[in-house]
Amino acid sequence: MKTSNIIEWLLYLFAGMAVVFLSYYVPLLLFFLIFFSVPCAVLGYRYSVIEAVSFLAAMVVFLLLTGDLASLMPVLPSGLCGVVMGHMIKQKKPASDAVKNGFVAALLSLIGTLWLSTSLFRVNIIQEFVNSLPKMVDSSLAMYKSIGMGEQELNVMKSALNQVVYFIETSIPFDILIYAALSSIAGYLIVEFVLRKSDINRLKPFSLWKLPGSVTTVLALVYLIEVAFSSNHVIYLISFNMLLALVAAFTVEGYSLLVYFMKRNGIRAWLQAFVIILSLLIPVSSFLIAGAGILDAAFDFRHIKKRG
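Going by our numbering, the letters in the sequence shown line up with residues 3 to 310, in that order.
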């Protein structure tokens, strides 16, 4: 590699290490490791797949030496996703194909990482996480009790927290899918921004993202299966997570539709961003946006002509 290549390579590596070290004090920073696909994709595009793989390998070795399996979980799958996307971007493949293959790479490597951690290191990360949830509930209740919350309010709080814990436990497959989607889709969008001056294939504008109408039929079938087999734990678990994934996809389409109409009516970008952020802060709006996405997939509201 040229000196400039090595410097950029090292800068990305030191930045990744810095995020890992800082996450020991600010655990929320672990979330940003989901976007480890970005430097891998950029290195793969600017130089070659070898530079991208060596960068990922160096980060993995660093995490193994420090025994930080918690950080390895997001880094390895996201990094492989970035390697795949960077290679496909360099090969001038369609952006949608790069995202799809990146998603598959992230999903399979995440499952593989979970299997390796259980088989080689005897650490069942998912089980440990699930086991930690009741302790988190107990510590939360103890905190509320210490500030003077009454017994009745504590019981209501405990019931609500237990429902949240149950949802988290049953939605782990969905969480894995969302992780892979963020690594690929959001990662590619960030790569587009980083390489905005480069001649690369880009995704369609967000306002034009749309699901096929047939997906609404799939949604109805999955919902019926969930209701019909609610007593069968395995089938219910599969259908429940499929339903969550479909609703998430329709929610994205709902926001795409919202942006489409705001753009068509000449609403400024800053106001569009404000409306979207505000809708994210209001819980009921997510259901309305998802409903709009379902209806848009079925009837395609984008074909409605603007009056005047």
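All C-beta atoms, glycine included, are put in the ideal place defined by N, C-alpha and C. The structure displayed is predicted, hence computed values, not measured ones.
Reference residue i; option with closest CA among the options
i	options	result
Ser287	Leu260, Gly268, Ile178	Leu260
Phe34	Ile52, Ala72, Arg124, Phe57	Ala72
Val196	Gly69, Arg48, Ile174	Arg48
Thr172	Ala247, Ser148, Asp99, Trp211	Ala247
Asp302	Leu213, Ala183, Leu15	Leu213
Val224	Ser233, Asn234, Met244	Met244
Leu221	Ile9, Phe169, His235, Ile296	Ile296
Gly18	Pro76, Gly104, Ala183	Pro76
Ile170	Ile202, Asn133, Met61, Leu156	Asn133
Met61	Lys95, Tyr26, Ala20, Gln93	Ala20
Leu184	Lys199, Ala250, Ala162, His235	Ala250
Thr218	Ser98, Lys92, Ala300, Leu45	Ala300
Tyr146	Leu163, Phe131, Glu130	Leu163
Glu194	Pro79, Ile91, Asn126	Ile91
Ser216	Phe252, Leu143, Arg198	Phe252
Cβ-based neighbour list, residue i, same chain, cut-off 8 Å, excluding 5 preceding and 5 following
i	result
Val101	Met87, Ser186, Ile187, Tyr190, Leu205
Phe231	Ile237, Tyr238, Ser241
Phe105	Cys83, Ala182, Ala183, Ser185, Ser186, Ile187
Residue environment, residue i, which counts as buried when at least 16 other CB atoms sit within 10 Å
i	result
Ser258	buried
His313	As displayed, the chain neither begins before 3 nor continues past 310, which places residue 313 out of reach and without an answer.
Asp298	buried
Leu210	exposed
Ile279	exposed
Trp117	exposed
Ala54	buried
Trp11	buried
Tyr255	Contrary to the premise, residue 255 reads as Glu rather than Tyr in this sequence. Burial call: buried.
Tyr262	buried
Tyr14	buried
Thr5	exposed
Gly150	exposed
Pro79	buried
Any non-hydrogen atom of the ligand NAP closer than 8 Å to residue i Cβ
i	result
Ser119	This structure lacks the ligand NAP, and indeed carries no ligand of any kind.
7 Å Cβ shell around residue i - same chain, five flanking residues per side excluded
i	result
Lys94	Asn203
Ile174	Ile128
Cutoff 6 Å; reference residue i; Cβ partners in own chain excluding five residues on either side
i	result
Leu264	Note that residue 264 corresponds to Met in the displayed sequence, not to Leu. Once the five neighbours on either side are set aside, the close Cβ partners of Met264 are Gln274.
Leu74	Leu65
On the three-pair Cβ rule with 8 Å, is the region 68 to 84 touching the region 32 to 46?
Remark: three or more beta-carbon pairs, one from each stretch, lie closer than 8 Å, so the region 68 to 84 and the region 32 to 46 are flagged as touching.
Report yes or no: do the region 127 to 147 and the region 160 to 168 share at least 3 C-beta pairs separated by less than 8 Å?
Judged by Cβ distances under 8 Å, the region 127 to 147 makes contact with the region 160 to 168, as three or more pairs qualify.
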